[in-house]
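Notes follow once the structure below has been shown.
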Amino acid sequence: MSHEVVVHAPSMWHLIAGNDQVKPDVTFIVENKELSGHRHYLSLISPVFKAMFETDTSEAKTGRVVINDFTFDETKTAVKFIYGKSFKPGFSIERAFAVYKFLDKYGIDNASKRLIPFFEQSINNNNFVTVSNFAWTFAKEDILNKCVSFLASHRDIAFTKAFVELDQRLVMELLQKASALVPQTQKLARSRSMSPIYYE
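Per this note's numbering, the very first residue in the sequence shown carries number 268; after that it's consecutive.
This is the structure:
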């Protein structure tokens, strides 16, 4: 009985690793630390990097890209990801959010799409705030609606510090939509329980 062998194609990371003929010509400067890259490859996958390296910019002249809005670890993870390095098991949804922001900023859409499953997973008390923030920030209505449904049946989340610290526009949208999903019988019961009691 023959067995089929699946051969996985090598990633960009594996193809250039240890190849002396492919030398880095880009240096990312993040938190006074350096990361290497290749301008031609980055220009192929990102319209932002393409414009940066193919026009009269300081980055094109020096090959140095200063990044101030992401941490070194976030940038390193994002760069490894676009070079084909997969995330290890246990990768946090918070880090996935940060990497998605990086990919979105530089227009690397084909890579950012791969991260969507992180935010489509089962919503729970621990990831609700992060998933809601992601869905609202990047206008992912399907995911946001899942968050609304979860909030409607887990109203205690609305009293947590993390929820209150969300953008107030998001807080109001979540509360209003979740309230609309609560069955009318529950609304009546809740309103009666909150009615004032008068004593003669």
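Yeah, the Cβ is synthetic: ideal placement off N, Cα and C, and Gly gets one too.
Self-check item: Among L441, F339, A318, nearest to E408 - alpha-carbon criterion
Solution: Working through the sequence shown from its first residue, we reach residue 408 at position 141. Closest by C-alpha distance to E408, out of L441, F339, A318, is L441.
Practice problem: Using only alpha-carbon positions, find the residue among R306, V366, S325, D336 that is nearest to F386. | Solution: By 1-based counting over the sequence shown, the position of residue 386 is 119. F386 has its Cα closest to that of V366, out of R306, V366, S325, D336.
Quiz item: Taking the continuous alpha helix (DSSP H) assigned at S379, which residues delimit it?
Solution: Position 112 of the sequence shown, counting from 1, holds the residue named residue 379. Its alpha helix (DSSP H) spans residues 376-379.
Quiz item: Under a Cβ-count criterion, where at least 16 other Cβ atoms within 10 Å of its own Cβ denotes burial, should V274 be classed as buried or exposed?
Solution: Working through the sequence shown from its first residue, we reach residue 274 at position 7. That one is exposed.
Self-check item: Option nearest L302 by Cα separation, candidates V293, S310, L309, Y308
Solution: As a first step, residue 302 is located in the sequence shown; it is residue number 35 there, counting from the start. Ranking V293, S310, L309, Y308 by Cα distance to L302 puts V293 first.
Self-check item: Cβ separation of I390 and A402, assumed to be a contact under 8 Å, to the nearest whole Å
Solution: Locating residue 390 in the sequence shown gives position 123, counting from the first residue. Locating residue 402 in the sequence shown gives position 135, counting from the first residue. In this structure I390 does not touch A402 by the C-beta definition: roughly 10 Å separates them, more than the 8 Å allowed.
Quiz item: Just reading off the alpha helix (DSSP H) that F295 is part of, what are its end residues?
Solution: Residue 295 sits at position 28 when you count from the first residue of the sequence shown. Looking at the DSSP string, F295 is not in any alpha helix (DSSP H); the run it does join, the beta strand (DSSP E), is 293-297.
Quiz prompt | Where the alpha helix (DSSP H) through I383 begins and ends | solution = Here residue 383 is taken as the residue at index 116 of the sequence shown, counted from 1. Bounds of the alpha helix (DSSP H) holding I383 are 383-387.
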